[in-house]
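Numbering (this note's numbering), first residue to last: 5 to 108. Beta carbons: idealized from backbone N, C-alpha and C, even for Gly.
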Amino acid sequence: VQKRGVHFEADTFFDTPSGYRFDAGFLKDAHAWCLREVTNALAKDDAFVIVSNTFTQHWEMRPYHEAAAAACAAVWELTARGPWENVHGVPAEAIERMRNRWED
């Protein structure tokens, strides 16, 4: 039996029927929701779980590594580098702040 793939990202929390509506006041809630969804999917063990968040520092990814370890799931990290489009309208200065705090 082939596993299906499921994809999660904190930005999904801000999707509404009328489009993407980011609210920084709910960012912590968005990340908590994402981690909860990932943890639930890992517990089901019926899917490849894909997480695409903007992790710029190691501590941001740690809870996902811990959830994977608890589920005995392997982890592959992919770093997207390139001139891709900013689909959520993140201001250039915010992207620069993320770039400046990047940890390899």
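Local conformation of ARG25 per DSSP, three classes: coil
Min CB distance ARG105 to chain C below 7 Å: No chain C appears in the structure shown, which is made up of a single protein chain.
Top-ranked residue by Cα proximity to ASP108, from TRP88, GLU97, HIS92 and ALA84: ALA84
When LYS7, ARG40 and MET65 are compared against PHE17, the one with the closest alpha-carbon: ARG40
Nonlocal neighbours in the same chain, by C-beta distance under 6 Å from PRO67, ignoring five residues either side: LEU39
Reduced DSSP secondary structure (H/G/I, E/B, other) of THR83: coil
7 Å Cβ cutoff met for VAL53 and VAL91: no
Option in TRP106, ALA73 and ASP27 with minimal Cα separation from THR43: ALA73
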